[in-house]
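A.B. asks: Position 396, counted from 1, in the sequence shown is what the UniProt record's numbering calls 396; the numbers after and before it change by one each time, with no gaps.
Supplied in structure tokens, the structure appears directly below.
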Amino acid sequence: MPDYPYDPHEDLTEPVPPSGPPPASGGQGKLIIGNFHNSAGNQTQGRRQLPPGYQGYQAYRGGVSTPSRRPGAEPYPRSYPATATPALRSRRSFLRRRGCAIGCLSLLLVVVLLAGFSVYVLQRVLAFGSAISTQAPLSTQTGFMSTSDRVNLLVLGFGGGDHPGAYLTDSMMLMSLIPSTQHTTLISIPRDLWVQVPSGSGHYGKINSVYEVASNNNKDPVAGGNAAAQKVSLITGLDVKYWMTIDFDGFRELINAIGGIDVYVPDSFTALYPKNDDPNIDASWIKVHFSKGMQHMDGETAIRYARARESLDNPAEGTDFARSARQMIIIKAVISKVKQWSTWPHLFDAMDALKQTIYTNMSLTDLGLFSLKMDLNQAHRIGLSNQNVLVDSQSADGQYILLPANNNWQLIIDYIRKNLYN
1 MPDYPYDPHE DLTEPVPPSG PPPASGGQGK LIIGNFHNSA GNQTQGRRQL PPGYQGYQAY
61 RGGVSTPSRR PGAEPYPRSY PATATPALRS RRSFLRRRGC AIGCLSLLLV VVLLAGFSVY
121 VLQRVLAFGS AISTQAPLST QTGFMSTSDR VNLLVLGFGG GDHPGAYLTD SMMLMSLIPS
181 TQHTTLISIP RDLWVQVPSG SGHYGKINSV YEVASNNNKD PVAGGNAAAQ KVSLITGLDV
241 KYWMTIDFDG FRELINAIGG IDVYVPDSFT ALYPKNDDPN IDASWIKVHF SKGMQHMDGE
301 TAIRYARARE SLDNPAEGTD FARSARQMII IKAVISKVKQ WSTWPHLFDA MDALKQTIYT
361 NMSLTDLGLF SLKMDLNQAH RIGLSNQNVL VDSQSADGQY ILLPANNNWQ LIIDYIRKNL
421 YN
């Protein structure tokens, strides 16, 4: 503390009146010039003496602390640290609690929305699985594809509709998979193969009529699928337990729903194509042309490419074997597109289209795992044709048909066994 009286309202730079005894009587109002001498003879200055060491106010220079206004006091800091009062601390605590509560509620809302959306998606998927299969969606008949035995799925494609021949299976493809190794073999079954329809009846017809007859024009798809699978088992020597039908009309909508597919056309050709599957509606034909190379196809173009057989300029593309190969190209392109993340926003549209497209005796779970495990890029292909074990022939009513050489059906079984892994 300073050793002199200090008045904070004083300005030390202003002159102050001299201290001393009051003026003598009669001297009121008299101007005194010069220094005042007290009775002791001491001279008193006109300014208050400053404490030792005080140098007055100075201009601030960088690095030099500004002297305090009050002599002897520490320099004031440039900023004052905030001192939280109890009320301020209480308010801050309330704001922190409110922020935490809002964050927790927001997180809870996100979780609830995700859970609700997940339940919605699950319900849609389960409903889809029930609509396309004879089995419960989450069931498995293959041990979730963990087996080392072959799983064989017969894929049957038809045009659909109400006209005669709408459910003749123009496409018959046997997909054979070893799930543990992903070894995949694709076997094309020619539609003109001459067999007993129904089995043991003594009546004969092309193998593409087996499904139509057994299902009574698709009124009983389970009976039709089972009959076709049993017939193919007898011909190939493979245990064919599973089947799946594909309606080409629905397949067209599926391809459109996923935004089309990219297809590499290995050979150019021009073909005649029926303007309508039902000749009673329109019996005329149109020309379709496909150029070699990569093409983006919508549903209608893809179906025409897969089914065209009246080739005008490339005889090889007019055979059933070429058609089977093109159909496999389309199926492969569709599976590849469905697996892409960019297709997932169209998942519900694709499922709606598939409800009208496929029907199977394989559960949704097994079908999904089967599709994921198939290695279509490295798949082995077996085509039964008149270039290996079949020969051209003619039925009693003049139809073009195919039969095994020398009517020896064992030739087909042996040929498939020999080439199953090659």
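A virtual CB, placed ideally from N, CA and C, is assigned to each residue, including glycine.
Is it buried or exposed for asparagine 407, if we count other Cβ within 10 angstroms and need 16 for buried?
C.D. replies: With fewer than 16 Cβ atoms within 10 Å of its Cβ, asparagine 407 is classed as exposed.
A.B. asks: Going by beta carbon distance, what residues of the same chain come within less than 8 Å of leucine 420, once the five residues before and after it are set aside?
C.D. replies: Result list for leucine 420: Ser176, Thr185, His380 and Ile382, in chain order.
A.B. asks: How would you write the range of the alpha helix (DSSP H) that glycine 250 sits in, first residue to last?
C.D. replies: Element bounds for glycine 250: 248-257.
A.B. asks: Determine, using beta carbons only, whether aspartate 298 and arginine 191 come nearer to each other than 8 Å.
C.D. replies: It is not a contact, given that the beta carbons lie outside the stated cut-off.
A.B. asks: Using C-beta distances below 6 Å, list every residue in its chain close to phenylalanine 251, excluding the 5 sequence neighbours before and after it, in chain order.
C.D. replies: For phenylalanine 251, where only same-chain residues beyond five positions count, the Cβ hits under 6 Å are Thr357.
A.B. asks: Out of curiosity, what's the CA-to-CA distance linking aspartate 3 and arginine 96?
C.D. replies: Residue placement at aspartate 3 cannot be trusted, given a pLDDT of 48 that sits under 50; what the coordinates show is reported in the next sentence. Using only the alpha carbons, I get a separation of about 50 Å.
A.B. asks: When you compare only the Cα positions, how much space is there between serine 139 and phenylalanine 370?
C.D. replies: One C-alpha to the other measures close to 14 Å.
A.B. asks: Since tryptophan 194 and isoleucine 335 should fall inside the 8 Å C-beta cutoff, what is the C-beta to C-beta distance between them, to a whole number of angstroms?
C.D. replies: 32 Å between Cβ atoms; not a contact.
A.B. asks: Taking leucine 376 as part of the beta strand (DSSP E), name the residues at either end of that continuous run.
C.D. replies: Run containing leucine 376: none; DSSP gives neither H nor E here.
A.B. asks: Determine the contact status of valine 389 and tyrosine 415, defining contact as a CB-CB distance below 8 Å.
C.D. replies: Cβ atoms of valine 389 and tyrosine 415: closer than 8 Å.
A.B. asks: My output table needs one value for histidine 183: the three-state DSSP class, helix, strand or coil.
C.D. replies: Three-state result, histidine 183: strand.
A.B. asks: To test your reading of the DSSP string, which unbroken beta strand (DSSP E) runs of 3 or more residues are found completely within the segment 278-363?
C.D. replies: You should have 285-290, 293-297 and 358-360.
A.B. asks: Could you pull out every residue in the same chain whose Cβ sits closer than 6 Å to the Cβ of alanine 227, ignoring the five residues on either side in sequence?
C.D. replies: Taken in chain order, the residues that qualify are Val210 and Ala214.
A.B. asks: Check valine 222 in the structure and name its three-state DSSP category.
C.D. replies: If DSSP states are grouped into helix, strand and coil, valine 222 belongs with the helices.
A.B. asks: Can you grab the Cα-Cα spacing for the pair serine 342 / isoleucine 258, in whole Å?
C.D. replies: In a straight line, the C-alpha of serine 342 is about 9 Å away from that of isoleucine 258.
A.B. asks: Between the Cα of valine 265 and the Cα atoms of Leu168, Leu254, Leu107 and Lys292, which residue gives the shortest distance?
C.D. replies: Comparing Cα-Cα distances from valine 265 to each of Leu168, Leu254, Leu107 and Lys292, the minimum goes to Lys292.
A.B. asks: Less than 7 Å between C-beta atoms, sequence neighbours within five positions excluded: which residues of the same chain meet that for proline 404?
C.D. replies: Hits under 7 Å: Val389, Leu390, Leu411 and Ile412.
A.B. asks: What span of residues does the beta strand (DSSP E) with valine 151 cover, start to end?
C.D. replies: Looking at the DSSP string, the run of the beta strand (DSSP E) that includes valine 151 is 151-158.
A.B. asks: Checking 8 Å against the spacing of the C-beta atoms, do leucine 361 and serine 133 come in under that value?
C.D. replies: One point to set straight first is that residue 361 is asparagine, not leucine, in the sequence displayed. Yes.
A.B. asks: Report back the beta-carbon spacing between serine 324 and serine 188 to the nearest angstrom; my notes put them in contact at under 8 Å.
C.D. replies: At roughly 4 Å, the Cβ-Cβ gap stays under 8 Å, so serine 324 and serine 188 are in contact.
A.B. asks: Would you identify the three-state DSSP class for tyrosine 273, choosing helix, strand or coil?
C.D. replies: Strand at tyrosine 273.
A.B. asks: Within 10 angstroms of its Cβ, does serine 363 collect 16 or more other Cβ (buried), or is it exposed?
C.D. replies: Burial call: buried.
A.B. asks: Can you list, in chain order, the residues of its chain whose CB lies under 6 Å from that of isoleucine 178, leaving out five sequence neighbours each side?
C.D. replies: Within the same chain, isoleucine 178 has close Cβ partners Arg150.
A.B. asks: Would leucine 272 pass as a contact of leucine 312 if the rule is Cβ separation under 8 Å?
C.D. replies: It is a contact, given that the beta carbons lie within the stated cut-off.
A.B. asks: If I measure Cβ to Cβ from histidine 296 and keep anything under 6 Å in the same chain, skipping five residues before and after, which residues do I get?
C.D. replies: Hits under 6 Å: Gly260 and Asp262.
A.B. asks: Of the residues Gly161, Pro315 and Lys339, which one's Cα is nearest the Cα of asparagine 217?
C.D. replies: It is Gly161.
A.B. asks: Less than 8 Å between the C-beta atoms of tyrosine 359 and threonine 245, yes or no?
C.D. replies: Yes, they are a contact pair.
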